[in-house]
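Protein chains in written order, with our numbering: chain A, 197 to 331; chain B, 46 to 101.
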């Protein structure tokens, strides 16, 4: 399995598709590659983290609005990892309002950000599998 | 107690994803996820006790 230095391997379009699908819908990248259990479990974990985060009073951050502090953009990037959940949330106004009156709202924010970061990892894992870097 | 339960829930969900993307193979996957879960809980306890003694 050794590769020559400098060898460039062509990445098939289906690999990019799996990664993008996995980013948009948590777990879909693995499911599309026939790894149903991995995709279902990973997708469910991300969905639960996002949903629990919203239920705890968390909110998604904007990528551009820094009125909540300069770190908002970084937090927004973490939330962006949830793919369609993030985009739908921004479009519909779901879980957009900060709720500092709830004691668990900061937990909720962290749950939602970690959901996004984990989904980034899942999407990259689907890419690596498609590219033949992982079994 | 609610905070502790939330920590357990968080640790278990993160451990599931780490188990999925780990390179341990199918046999070691569950063990790796369990290890990640335990590490989250133990580190959480240690940090909580350390912060308890800091007066600010």
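Glycine included, each C-beta is placed from N, C-alpha and C at the ideal position.
- Around the beta-carbon of residue 48 of chain B, fewer than 16 other beta-carbon atoms lie within 10 Å, marking it exposed.
- If you draw a straight line from the Cα of residue 302 of chain A to the Cα of residue 285 of chain A, it comes to about 18 Å.
- Taken through DSSP and simplified to helix, strand or coil, residue 95 of chain B comes out as helix.
- Annotation: Cβ neighbours of residue 238 of chain A in chain B (cutoff 9 Å, chain order): 61, 62, 65 and 66.
- Contacts between residue 55 of chain B and chain A, judged by CB atoms closer than 9 Å, involve 245, 248, 303, 306, 307 and 310 in chain order.
- Counting along the chain, residue 49 of chain B sits inside the alpha helix (DSSP H) bounded by residues 47–66.
- By the Cβ-count criterion, residue 321 of chain A is buried, with 16 or more other Cβ atoms from all chains shown falling within 10 Å of its own Cβ.
- When C-alpha distances from residue 80 of chain B are compared across B:61, B:95, B:94 and B:91, the shortest belongs to B:61.
- In terms of CA proximity to residue 245 of chain A, A:308 leads the group A:308, A:331, A:328 and A:316.
- In the structure shown, residue 204 of chain A falls within a coil segment according to DSSP collapsed to helix, strand and coil.
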